[in-house]
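Trainee: Just so you know, the protein sequences line up as chains A and B, in that order.
For the first sequence, position 23 matches number 23 in the UniProt record's numbering, and the numbering has no gaps at all.
For the second sequence, position 215 matches number 215 in the UniProt record's numbering, and the numbering has no gaps at all.
Ideal placement from N, C-alpha and C gives every residue a C-beta, glycine not left out.
There are 2 protein chains.
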Amino acid sequence: MKNQKLVLAKRPDANVSADIFRLEEEQLPALNNGQFLVRNLYLSVDPAMRGWVTDMPNYIPPVALGEVMRSFAVGKIVESKHAGFSTGEIVYGRFGWQELTISDGSDVERKVNPDDAPLSVNLHVLGMTGATAWFGLTEIGNPQAGETVVVSTAAGAVGSMVGQIAKARGCRTIGITGSDEKAERCLNQFGYDAVINYKTCKDLSVELAEYCPNGIDVYFDNVSGPISDAVVSLFNVGARMTVCGVIGISSEHLNGPRVARTLLVKRAKMQGFLIFDHMHRLAQAVEGLLPLYKTDKLKFSEEIYNGLDQAPIGLESLLAGTNQGKVLVKL
Amino acid sequence: MKNQKLVLAKRPDANVSADIFRLEEEQLPALNNGQFLVRNLYLSVDPAMRGWVTDMPNYIPPVALGEVMRSFAVGKIVESKHAGFSTGEIVYGRFGWQELTISDGSDVERKVNPDDAPLSVNLHVLGMTGATAWFGLTEIGNPQAGETVVVSTAAGAVGSMVGQIAKARGCRTIGITGSDEKAERCLNQFGYDAVINYKTCKDLSVELAEYCPNGIDVYFDNVSGPISDAVVSLFNVGARMTVCGVIGISSEHLNGPRVARTLLVKRAKMQGFLIFDHMHRLAQAVEGLLPLYKTDKLKFSEEIYNGLDQAPIGLESLLAGTNQGKVLVKL
Numbered sequence: 001m002k003n004q005k006l007v008l009a010k011r012p013d014a015n016v017s018a019d020i021f022r023l024e025e026e027q028l029p030a031l032n033n034g035q036f037l038v039r040n041l042y043l044s045v046d047p048a049m050r051g052w053v054t055d056m057p058n059y060i061p062p063v064a065l066g067e068v069m070r071s072f073a074v075g076k077i078v079e080s081k082h083a084g085f086s087t088g089e090i091v092y093g094r095f096g097w098q099e100l101t102i103s104d105g106s107d108v109e110r111k112v113n114p115d116d117a118p119l120s121v122n123l124h125v126l127g128m129t130g131a132t133a134w135f136g137l138t139e140i141g142n143p144q145a146g147e148t149v150v151v152s153t154a155a156g157a158v159g160s161m162v163g164q165i166a167k168a169r170g171c172r173t174i175g176i177t178g179s180d181e182k183a184e185r186c187l188n189q190f191g192y193d194a195v196i197n198y199k200t201c202k203d204l205s206v207e208l209a210e211y212c213p214n215g216i217d218v219y220f221d222n223v224s225g226p227i228s229d230a231v232v233s234l235f236n237v238g239a240r241m242t243v244c245g246v247i248g249i250s251s252e253h254l255n256g257p258r259v260a261r262t263l264l265v266k267r268a269k270m271q272g273f274l275i276f277d278h279m280h281r282l283a284q285a286v287e288g289l290l291p292l293y294k295t296d297k298l299k300f301s302e303e304i305y306n307g308l309d310q311a312p313i314g315l316e317s318l319l320a321g322t323n324q325g326k327v328l329v330k331l
Numbered sequence: 001m002k003n004q005k006l007v008l009a010k011r012p013d014a015n016v017s018a019d020i021f022r023l024e025e026e027q028l029p030a031l032n033n034g035q036f037l038v039r040n041l042y043l044s045v046d047p048a049m050r051g052w053v054t055d056m057p058n059y060i061p062p063v064a065l066g067e068v069m070r071s072f073a074v075g076k077i078v079e080s081k082h083a084g085f086s087t088g089e090i091v092y093g094r095f096g097w098q099e100l101t102i103s104d105g106s107d108v109e110r111k112v113n114p115d116d117a118p119l120s121v122n123l124h125v126l127g128m129t130g131a132t133a134w135f136g137l138t139e140i141g142n143p144q145a146g147e148t149v150v151v152s153t154a155a156g157a158v159g160s161m162v163g164q165i166a167k168a169r170g171c172r173t174i175g176i177t178g179s180d181e182k183a184e185r186c187l188n189q190f191g192y193d194a195v196i197n198y199k200t201c202k203d204l205s206v207e208l209a210e211y212c213p214n215g216i217d218v219y220f221d222n223v224s225g226p227i228s229d230a231v232v233s234l235f236n237v238g239a240r241m242t243v244c245g246v247i248g249i250s251s252e253h254l255n256g257p258r259v260a261r262t263l264l265v266k267r268a269k270m271q272g273f274l275i276f277d278h279m280h281r282l283a284q285a286v287e288g289l290l291p292l293y294k295t296d297k298l299k300f301s302e303e304i305y306n307g308l309d310q311a312p313i314g315l316e317s318l319l320a321g322t323n324q325g326k327v328l329v330k331l
């Protein structure tokens, strides 16, 4: 059987552009015993991909040149020689940017119940995105009703989940985002109590202080850099900060105000979080997320691209921040 | 009855000098019901006092001008009209730099068993110092046998306890200190596996890497600043850092390398620790520390000054780093 796949053709320059990928066709071998064939239905496009295609030190090795682009996907098993996986089952896993994946089960994150939600939702609200928000917020941030929770990239796939989970727990939620369109979605779609457009606000610290009259108890950070400096300065005693992304550390912001004194005086915690340490517990996150999803407390938008060849375009959009919601590719 | 006390006469300039204190005499009133009189036997001199005498924002209000200097002390109850405290009992508490203290019990941290150890030891190994090391290391750092633990101000009152507790738990312990004399004590008295004099070493990062071939799992930090930058750069995945002091953040080092990327990539934790949040659990720390002390696993040195008027001199020595061991005043 023939497979179409997107492989990494070269390392990116400063910005990731679509031309670092190359579409290739290959002839798949017959299945061995213990293998099954997945026809991918939706592919994921994630901010982490920026790191995966560069060869800077990271939490996992970069995608090798010539290798299929690493990606989560939801697919349907179309043939099986594996006792644990049957034809017709839906699976969520690390299947890559390709039409077909031969799996031995080791790259499967979970079997999907197609009655729970539209299939694409398993790639975000009930997938890695939702699990990132769930574990990163509830286990490190541990927000309590009445506390103030600040989220950077508040309209993003992860950020919007964080804001909504915190809201569902009775917190005051403040979002920081980078466009008026996203700010509007934060308020009207994701239910933040207040939102700040850091690009157009006069003084982030002043506006934050205004919207957080009781200080900040929990900070779910996807950016670091000057935005986070402003948030950290308003920490309450016992504040908890999840470091989930550092996209705001540009070459001009490698240095910044030291946080140690604030952490000491506020007895605050700053902790890095990487979802890959926790994917083996995905079912636990889904257990927490599904009731929220089913009671309509987890709103989302999807930006769906059609066709494998559109995946790099989707990634460009995501990394440029022009996307509107979770970026997906429908095959 | 007459009491001699040291009051804060003025705020310090850049450095804390002995002349910011003034010796005063006062006539004490008779005890009310519910009060008792403590004759202080040993007064403590602590690094935190630098913060207490300045009016910069801090975790507790500064000592007011004209007020007796805040301090822990061990004393003997010499008169009591309090049902819970009897004449002859030894108590450890926040009794201030003075000969006599009228207490209602609210400033007592614990009653001391004089058979456990020499009385002065209750001011450090079995007092705030030991509790700082105990809770800050075991609860935030949570060191496991075989892990590498780095301690800054490794020969200090707290640092030396941290190193020894970690050693007793089977860790590899690396100390960072600022003089050859202290380095020698780290090795021969406190049992560190290796020690670095940051003032004379060629390149702290290089030497640290050499002494920590398996990276760094736990960092108990009393300084922040460039020393900590070097330590953080060697963090292992899952590293835990206790921020217990920030004496290395001088005006020239207010900014430094951002830690967020390291925390993220290493899924590491940085958490501020202040012993005053935990003093109500002092008995729990003593329960952990006493068996180590009694089996001679907690070595210490004392630098004892004689007479109330010498307390400011002791503080000068401590803040200049010229002290040899825990600074105490014997009355």
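(1) Indicate the three-state DSSP secondary structure (helix, strand or coil) for T183 of chain B in the structure shown.
(2) Enumerate in chain order the residues of its own chain whose CB-to-CB distance from Y305 of chain B is below 6 angstroms, with the five nearest sequence positions on each side excluded.
(3) How about F273 of chain A: is its C-beta nearer than 8 angstroms to some C-beta of chain B?
(4) I believe G178 of chain A touches Y192 of chain A by the beta-carbon criterion, under 8 angstroms. Please report the beta-carbon distance rounded to the nearest angstrom.
(5) May I have a chain-ordered list of the beta strand (DSSP E) segments no shorter than 3 residues that lie completely inside the segment 165 to 251 of chain B?
(6) Are the beta-carbon atoms belonging to Y42 of chain B and S106 of chain B less than 8 angstroms from one another?
(7) Taking Cβ-Cβ distances below 8 angstroms as the criterion, which residues of the segment 34 to 49 of chain A are in contact with chain B?
(8) For D55 of chain B, decide whether its Cβ has a neighbour in chain A, counting only Cβ atoms nearer than 8 angstroms.
(9) At 7 angstroms on the CB atoms, spell out the chain A contacts of G256 of chain B, in chain order.
(10) Going by CA-CA distance only, name the one from B:Q144, B:L137, B:A145 that's closest to S152 of chain B.
(11) On the CB-based measure, 16 or more other CB atoms within 10 Å of its CB, does L126 of chain A come out buried or exposed?
(12) For the 8 angstroms Cβ check, are there 3 or more pairs between the segment 280 to 298 of chain B and the segment 9 to 28 of chain B?
(13) Check the Cβ of R70 of chain A against every Cβ in chain B and list those closer than 9 angstroms, keeping chain order.
(14) Between E139 of chain B and V231 of chain A, what straight-line distance do the alpha-carbon atoms span, to the nearest angstrom?
(15) Which residue's Cα is closest to the Cα of V237 of chain B: B:R261, B:I249, B:V246?
(16) Can you pull the chain A residues whose beta carbon is under 9 angstroms from the beta carbon of N58 of chain B, in chain order?
(17) Is R281 of chain B helix, strand or coil when you go by DSSP?
(18) Please give the ranges of any beta strand (DSSP E) in the segment 21 to 99 of chain B, keeping only runs that are unbroken, at least 3 residues long and fully inside the region.
(19) Identify whether K294 of chain A lies in helix, strand or coil by the three-state DSSP scheme.
(20) Rounded to whole angstroms, how far is the Cβ of G141 of chain A from the Cβ of F220 of chain A, which I believe are closer than 8 angstroms?
(21) Look at the Cβ atom of V158 of chain B, then the Cβ atom of N122 of chain B, and state whether they are nearer than 8 angstroms.
(22) Excluding the 5 residues flanking A298 of chain B on each side, which residues of the same chain have their C-beta closer than 6 angstroms to its C-beta?
(23) Whole angstroms are fine: how far does the CA of R169 of chain A sit from the CA of V265 of chain B?
(24) By the 8 angstroms beta-carbon criterion, what residues does the segment 213 to 236 of chain A contribute toward chain B?
(25) Once DSSP output is grouped into helix, strand and coil, what is the label at E147 of chain A?
(26) Do you know how far the Cα of A239 of chain A is from the Cα of T101 of chain A?
(27) Just to confirm my understanding: we take D46 of chain A, look at its own chain, exclude 5 residues before and 5 after, and list those with CB closer than 7 angstroms. What are they?
(28) Between the Cα of F21 of chain B and the Cα atoms of B:Q271, B:D180, B:P62, B:E67, which residue gives the shortest distance?
(29) Would you say M128 of chain A reaches chain B, if we count a Cβ-Cβ gap shorter than 8 angstroms as a contact?
(30) Answer yes or no: does any C-beta atom of chain A fall closer than 8 angstroms to that of A268 of chain B?
(31) Among the residues of its own chain, which have a CB less than 6 angstroms from the CB of K81 of chain A, if the five just before and after it don't count?
(32) Are there 16 or more other CB atoms within 10 angstroms of the CB of I249 of chain B, so buried, or fewer, so exposed?
(33) Quick one: list the residues of chain A neighbouring D203 of chain B, beta-carbon separation under 8 angstroms, in chain order.
(34) Would you mind sorting M128 of chain B into buried or exposed? The rule is 16 or more other CB atoms within 10 Å of its CB.
(35) Please tell me whether I249 of chain B has its Cβ less than 8 angstroms away from any Cβ of chain A.
Mentor: Inspection of the coordinates gives the following:
(1) In the second sequence, the residue the question calls residue 183 of chain B occupies position 183. Residue 183 of chain B is actually Ala in this sequence, not Thr. In the three-state DSSP reduction, A183 of chain B falls in the helix class (H, G or I).
(2) Start at 1 with the first residue of the second sequence, and residue 305 of chain B comes out as number 305. If we look at Y305 of chain B and ignore the five residues flanking it on each side, its Cβ neighbours are G314, V329.
(3) Position 273 of the first sequence, counted from the start, is the residue given in the question as residue 273 of chain A. Yes, F273 of chain A counts as interfacial toward chain B.
(4) Looking up residue 178 of chain A in the first sequence gives position 178. Looking up residue 192 of chain A in the first sequence gives position 192. Rounded, the Cβ-Cβ distance is 14 angstroms, inconsistent with contact.
(5) Complete beta strand (DSSP E) runs here, min 3: 172 to 177, 194 to 197, 216 to 221, 235 to 243.
(6) Residue numbering aside, residue 42 of chain B sits at position 42 when the second sequence is read from its first letter. Residue numbering aside, residue 106 of chain B sits at position 106 when the second sequence is read from its first letter. Not in contact: Y42 of chain B and S106 of chain B (Cβ atoms no closer than 8 angstroms).
(7) In summary, no residue of the segment 34 to 49 of chain A has a CB separated from any CB of chain B by less than 8 angstroms.
(8) Here residue 55 of chain B is taken as the residue at index 55 of the second sequence, counted from 1. D55 of chain B does not count as touching chain A.
(9) Your numbering for residue 256 of chain B matches position 256 in the second sequence. Neighbours of G256 of chain B on chain A, chain order: N255, R258.
(10) As a position in the second sequence, residue 152 of chain B is number 152, starting the count at 1. If you compare the alpha carbons of B:Q144, B:L137, B:A145 with that of S152 of chain B, the shortest gap goes to B:L137.
(11) Taking the first sequence and counting its residues from 1, the one referred to as residue 126 of chain A is at position 126. Around the beta carbon of L126 of chain A, 16 or more other beta carbons sit within 10 angstroms, so the residue counts as buried.
(12) They do not touch, by the three-pair rule.
(13) Here residue 70 of chain A refers to the residue found at position 70 when the first sequence is read from its first residue. By Cβ distance, chain B contributes nothing, its closest Cβ being about 17 angstroms from R70 of chain A, past 9 angstroms.
(14) As a working note, residue 139 of chain B is residue 139 in the second sequence. As a working note, residue 231 of chain A is residue 231 in the first sequence. Here the alpha carbons of V231 of chain A and E139 of chain B stand approximately 26 angstroms from one another.
(15) Numbered from 1 along the second sequence, position 237 holds the residue referred to as residue 237 of chain B. Distances from the alpha-carbon of V237 of chain B to those of B:R261, B:I249, B:V246 put B:R261 closest.
(16) As a working mapping, residue 58 of chain B is identified with position 58 in the second sequence. Ordered by position in chain A, the residues that pass the 9 angstroms Cβ test against N58 of chain B are V265.
(17) As a working note, residue 281 of chain B is residue 281 in the second sequence. Helix.
(18) Taking only runs of at least 3 residues, the beta strand (DSSP E) segments lying wholly in the segment 21 to 99 of chain B are 21 to 27, 36 to 44, 73 to 80, 90 to 93.
(19) The residue given as residue 294 of chain A occupies position 294 in the first sequence. It is helical.
(20) For the purposes of this step, residue 141 of chain A is taken as residue 141 along the first sequence, with counting starting at 1. For the purposes of this step, residue 220 of chain A is taken as residue 220 along the first sequence, with counting starting at 1. Separation of the CB atoms of G141 of chain A and F220 of chain A is rounded to 6 angstroms, and the pair is thereby assigned contact status at 8 angstroms.
(21) Numbered from 1 along the second sequence, position 158 holds the residue referred to as residue 158 of chain B. Numbered from 1 along the second sequence, position 122 holds the residue referred to as residue 122 of chain B. Cβ atoms of V158 of chain B and N122 of chain B: not closer than 8 angstroms.
(22) Within the second sequence, residue 298 of chain B is the residue found at index 298, counting from 1. According to the sequence as given, residue 298 of chain B is Leu; it is not Ala. The answer, listed in chain order, is V125, Q164, L292.
(23) Working through the second sequence from its first residue, we reach residue 265 of chain B at position 265. Working through the first sequence from its first residue, we reach residue 169 of chain A at position 169. Straight-line spacing of the CA atoms in V265 of chain B and R169 of chain A works out to 29 angstroms.
(24) Residues D221, S224, G225, S228.
(25) Position 147 of the first sequence holds residue 147 of chain A. Under the three-state reduction of DSSP, E147 of chain A is assigned to coil, being neither helix nor strand.
(26) As a working note, residue 101 of chain A is residue 101 in the first sequence. As a working note, residue 239 of chain A is residue 239 in the first sequence. Computed Cα separation, rounded: 44 angstroms.
(27) Residue mapping note: residue 46 of chain A aligns to position 46 of the first sequence, counting from 1. Contacts found: none.
(28) On the second sequence, position 21 is the one that residue 21 of chain B refers to. For F21 of chain B, the nearest C-alpha among the options comes from B:E67.
(29) The residue given as residue 128 of chain A occupies position 128 in the first sequence. So, not an interface residue.
(30) Reading the second sequence from its first residue, position 268 is the one you call residue 268 of chain B. Yes, because at least one Cβ of chain A sits closer than 8 angstroms to the Cβ of A268 of chain B.
(31) By one-based count along the first sequence, residue 81 of chain A stands at place 81. Exclusion of the five residues before and after K81 of chain A leaves L31, N33, Q35 as the residues of its chain whose Cβ lies within less than 6 angstroms of its Cβ.
(32) The residue labelled residue 249 of chain B in the question sits at position 249 within the second sequence. With 16 or more other Cβ atoms within 10 Å, it is buried.
(33) Position 203 of the second sequence, counting from 1, holds the residue named residue 203 of chain B. Against chain A, the beta carbon of D203 of chain B has no neighbour under 8 angstroms; the closest one sits roughly 20 angstroms away.
(34) Locating residue 128 of chain B in the second sequence gives position 128, counting from the first residue. Per the 10 Å Cβ criterion, buried.
(35) As a working mapping, residue 249 of chain B is identified with position 249 in the second sequence. Chain A has a Cβ within less than 8 angstroms of the Cβ of I249 of chain B.
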